[in-house]
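Visitor: Residue numbers (the working numbering): 204 to 368.
Cβ coordinates follow ideal geometry from the N, Cα and C atoms, glycine included.
So that we are looking at the same thing, I have put the structure below in structure tokens.
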């Protein structure tokens, strides 16, 4: 019964190349939670973008990810993990997703994997440390950091809780 509902839902959003875009910190979750989530989604017929599966060898990964976010996906699942914010790739994806969400009907679903949602929302603990390192290392790219810190979408996103420990 649940599988038939998934197929009905996927039929409603089929104009996009991907039903779901997964944003995650590979070192934290690729070999466990995200891999299981990806396989479960694909198994029930949900076309899912995951950077290591969907980017063809030789293609520019940054361009492919941006294309998948801006033009090819309807639902975004962001797997916030302890070190998600330490990755500039993850933060760039998050900024693109949140910017895109402002002008579209796309759905963004946060998952908090082994991290308290309040640490993400308030940027404390490992999130505060990661932002401080980014600010020091990437002074020239501070627009991205200030945009993310000031984004009301970021705070709103953290109000939606799906916590996995």
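For the stretch 322-336 against the stretch 279-294, do three or more pairs of beta-carbon atoms, one drawn from each stretch, fall closer than 8 Å, so that the two count as touching?
Guide: Touching, per the Cβ criterion.
Visitor: Do residue 223 and residue 283 come within 8 Å of each other at the CB atom, strictly closer than that value?
Guide: Against a cut-off of 8 Å, the Cβ pair of residue 223 and residue 283 comes out as no contact.
Visitor: Where do the N-terminal and C-terminal ends of the alpha helix (DSSP H) with residue 294 fall, by residue?
Guide: That run of the alpha helix (DSSP H) goes 291-305.
Visitor: Return yes when the Cβ of residue 219 is within less than 8 Å of the Cβ of residue 307, no when it is not.
Guide: In this structure, residue 219 does not lie closer than 8 Å to residue 307 by Cβ.
Visitor: Who are the near neighbours of residue 328 in its chain, counting only those whose CB is closer than 7 Å to its CB and skipping five residues on each side?
Guide: Result list for residue 328: 322, in chain order.
Visitor: Between the C-alpha atoms of residue 238 and residue 265, what's the straight-line distance to the nearest angstrom?
Guide: Cα to Cα, residue 238 sits roughly 21 Å from residue 265.
Visitor: Pick out the complete alpha helix (DSSP H) segments inside the stretch 227-282, 4 residues or longer, and give them in chain order.
Guide: Counting whole runs of 4 or more residues, the stretch 227-282 contains the alpha helix (DSSP H) stretches 229-232, 236-246, 254-257, 264-270.
Visitor: In the DSSP assignment, find the unbroken alpha helix (DSSP H) run with residue 318 in it and report its ends.
Guide: Segment: none, residue 318 is in no alpha helix (DSSP H) and carries neither H nor E.
Visitor: What three-state label does DSSP hand residue 337 in the structure shown?
Guide: If DSSP states are grouped into helix, strand and coil, residue 337 belongs with the helices.
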